[in-house]
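full-length UniProt numbering numbers the first residue of the sequence shown as 1 and each following residue consecutively.
Beta carbons: idealized from backbone N, C-alpha and C, even for Gly.
Read through the structure below, which is laid out as structure tokens, and then see the notes.
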Amino acid sequence: ASKCDSHGTHVAGVLSGRDAGVATGASIRSLRVLNCQGKGTVSGTLMALEFIKRTLEARPYAPPVVVLPLAGARSPALNAGCRRMARMGAVMVAAAGNYKDDACLYSPASEPEAWVPPWVEAGAGRAIAPLLPCHCQVITVGATDSEDHPASIGTLGTNFGRCVDLFAPGDDIIGASSDCSTCFTARSGTSQAAAHASLPCYSAPSPS
């Protein structure tokens with residue numbers, strides 16, 4: 001990976017890195033939709049979702065967990081693309097965004113529903129998901145710090161509001177760096193939180 005890939009490299013490392021991953025050994029496939037400045041387009045993200053859709057159509061017995069470590073202005077088109085993927089069986093996990101703002105103003109975080117496994121927990125064993133699974137489209141994840149408070153990220157912080165389904169660790173998270181093949185770095189954000197929150201989805205039963 002080139003050095004401008006550091007965001008995706010770090011999120012992938014948090015998700016399934018050998019030394020610092022929450023789902024060590026999980027098979028992942030990265031699709032790049034952002035440039036070196038962290039900017040992208042709705043059309044580019046939709047093209048990536050279409051690629052995943054074709055993969056799912058070819059292998060319907062292996063529905064993927066799709067982690068979306070990005071947030072942009074609310075887009076009905078992007079939300080609809082995520083909804084279609086979820087209805088095909090994919091588990092969609094989205095970053096809430098790092099703007100210290102209402103997550104409902106951003107996509108894909110604003111896709112209004114999510115299917116959350118009932119055993120997702122945070123902090124001192126406190127359940128933060130419903131006692132019964134809810135059948136939804138996108139699991140939107142906010143970030144907490146080491147004291148289980150909403151994380152401050154740079155001059156802003158985690159997004160919040162009714163569109164956030166749950167919170168997960170997202171402050172000073174260790175993960176792989178693209179600086180070298182053995183480098184690690186600490187980063188903060190709802191992208192890292194989304195990677196953490198995707199772990200239960202790998203073993204969660206499908207909703208009935």
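Your pair Ile139 and Met92 checks out as a contact, with CB atoms roughly 7 Å apart and the cut at 8 Å. Under DSSP, Ile173 shares a beta bridge with Arg187. Following the DSSP letters along the chain, one finds Met92 in no alpha helix (DSSP H) but inside the beta strand (DSSP E) bounded by residues Val91 to Ala95. In summary, Leu70 is buried, with 16 or more beta-carbon neighbours lying within 10 Å of its beta-carbon over all protein chains present. Measuring C-alpha to C-alpha distances from Leu34 to each of Thr45, Ser188, Phe184 and Ser178 identifies Thr45 as the nearest. Look at the beta carbons and you see the stretch 176-192 not touching the stretch 82-92: under three pairs across the two are nearer than 8 Å.
The Cβ neighbour count for Pro76, taken over all protein chains shown within 10 Å, is under 16; the residue is labelled exposed. Between Gly175 and Phe184, the C-beta spacing is below 8 Å. One Cα belongs to Cys104, the other to Arg29, and the distance between them is close to 28 Å. Rounded to whole angstroms, the separation of the alpha carbons of Gly21 and Glu147 is 21 Å.
In the DSSP assignment, Asp102 forms a beta bridge with Phe160. Classified as exposed, Asp172 has fewer than 16 neighbouring CB atoms from the shown chains inside 10 Å of its CB. DSSP, read as helix, strand or coil, puts Val33 in coil.
The three-state reading of DSSP puts Leu68 in strand, counting E and B together.
Gly142: not part of any alpha helix (DSSP H); member of the beta strand (DSSP E) spanning Val138 to Thr144, first to last residue.
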